[in-house]
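S.K.:
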Amino acid sequence: MRFVVQRHRARRLHYDLRLELDGVLVSWAVPKGPTLDPGVRLLAVHVDDHDLGHYDFEGVIPGARYGAGDVIVWDWGTWEPAGTTDPARAVADGELHFDLHGEKLAGRFVLIRRDIDQRGRGQWLLIHKNDAHAERGWNPEDHPRSVKSGLTNDELSRP
Numbered sequence: 089m090r091f092v093v094q095r096h097r098a099r100r101l102h103y104d105l106r107l108e109l110d111g112v113l114v115s116w117a118v119p120k121g122p123t124l125d126p127g128v129r130l131l132a133v134h135v136d137d138h139d140l141g142h143y144d145f146e147g148v149i150p151g152a153r154y155g156a157g158d159v160i161v162w163d164w165g166t167w168e169p170a171g172t173t174d175p176a177r178a179v180a181d182g183e184l185h186f187d188l189h190g191e192k193l194a195g196r197f198v199l200i201r202r203d204i205d206q207r208g209r210g211q212w213l214l215i216h217k218n219d220a221h222a223e224r225g226w227n228p229e230d231h232p233r234s235v236k237s238g239l240t241n242d243e244l245s246r247p
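Per this note's numbering, residue 89 is the first one in the sequence shown, and the count goes up by one each step.
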């Protein structure tokens, strides 16, 4: 199964973490971006699933459309669930442990739901576990280039 993290400068900068699951990309918006630092607890807002065609999208969404702004493929690779044979059930239950094998992100992560809204979604925490890939102080903003094109958001959005 594939994953992608897109760095998206819309109204506010955020990173979209998307996990391929059951024919869609299950998605969370992570305002500060994912990290390898196990001491950091990150807000992750569960958002609408995206179709698989969004997996490698990189470009500029025009100003009048939802999500207007520039998007780069910040990281991608494969993922696998940990401790479950039913990751869709783990998401529904509010706690998913998983391993990422990306170009920037690697190791064990966990998503834990903190609250729930009327649609059964809500705010989650994204945490990197203290494993062999953990790196204290690791900041996603220190790694601004796309793994697809090698461009930064600034370079992509220049006319």
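We treat Cβ as the ideally placed atom computed from N, Cα and C, and that holds for glycine.
All values derive from a computational prediction rather than experimental measurement.
Pick from LYS236, ILE200, ASP219: whose alpha carbon is nearest that of ASP181?
M.R.: Walking along the sequence shown from the start, residue 181 turns up at place 93. Of LYS236, ILE200, ASP219, the residue nearest in Cα terms is ILE200.
S.K.: Can you give the Cα-Cα distance for VAL118 and PRO126, rounded to whole angstroms?
M.R.: On the sequence shown, residue 118 is found 30 positions in, with the first residue counted as 1. On the sequence shown, residue 126 is found 38 positions in, with the first residue counted as 1. So the two alpha carbons sit approximately 16 Å from each other.
S.K.: What's the C-alpha gap between VAL161 and LYS120?
M.R.: Within the sequence shown, residue 161 is the residue found at index 73, counting from 1. Within the sequence shown, residue 120 is the residue found at index 32, counting from 1. The straight-line gap from Cα to Cα measures roughly 16 Å.
S.K.: So, TYR143 versus VAL93, is the Cβ gap smaller than 7 Å?
M.R.: Stepping through the sequence shown from its first residue, residue 143 is reached at position 55. Stepping through the sequence shown from its first residue, residue 93 is reached at position 5. Not in contact: TYR143 and VAL93 (Cβ atoms no closer than 7 Å).
S.K.: For LEU107, list the residues DSSP reports as bridge partners.
M.R.: The residue you call residue 107 lines up with position 19 of the sequence shown. PHE91, VAL114.
S.K.: Taking the straight line between their C-alpha atoms, what separation do you get for ASP170 and THR240?
M.R.: Start at 1 with the first residue of the sequence shown, and residue 170 comes out as number 82. Start at 1 with the first residue of the sequence shown, and residue 240 comes out as number 152. The amino acid occupying residue 170 in the given sequence is Ala; Asp does not appear at that position. ALA170 and THR240: Cα-Cα distance of roughly 32 Å.
S.K.: How many whole angstroms separate the CB atoms of PHE189 and GLY165, which I take to be in contact at a CB cut-off of 8 Å?
M.R.: Along the sequence shown, one-based indexing puts residue 189 at 101. Along the sequence shown, one-based indexing puts residue 165 at 77. Strictly speaking, residue 189 in this sequence is His, with Phe absent from that position. Going by Cβ atoms, the distance from HIS189 to GLY165 rounds to 5 Å, so yes, they are a contact pair.
S.K.: What does the alpha-carbon distance come out to for the pair HIS221 and ASP230?
M.R.: Position 133 of the sequence shown, counted from the first residue, corresponds to residue 221. Position 142 of the sequence shown, counted from the first residue, corresponds to residue 230. The alpha-carbon atoms of HIS221 and ASP230 are separated by roughly 17 Å.
S.K.: Can you list, in chain order, the residues of its chain with a C-beta nearer than 7 Å to that of ILE149? Leave out the 5 residues immediately preceding and following it.
M.R.: Taking the first residue of the sequence shown as 1, we reach residue 149 at position 61. Contacts found: GLY155, ALA156, GLY157, VAL159.
S.K.: Compare the C-alpha of GLY151 against each of ARG97, LEU107, ARG90, TRP226 and name the closest.
M.R.: The sequence position of residue 151 within the sequence shown is 63, counting from 1. Looking at the Cα atoms, ARG97 is the closest of the given residues.
S.K.: So if DSSP puts GLU183 in a beta bridge, which residue, or which two residues, is it bridged to?
M.R.: Locating residue 183 in the sequence shown gives position 95, counting from the first residue. Beta-bridge pairing links GLU183 to ILE200.
S.K.: Can you check which of these residues, ARG196, VAL112, ARG246, is closest to THR123 by C-alpha distance?
M.R.: What you label residue 123 is simply residue 35 of the sequence shown in a count that begins at 1. Of the listed residues, the one whose Cα sits closest to THR123 is ARG196.
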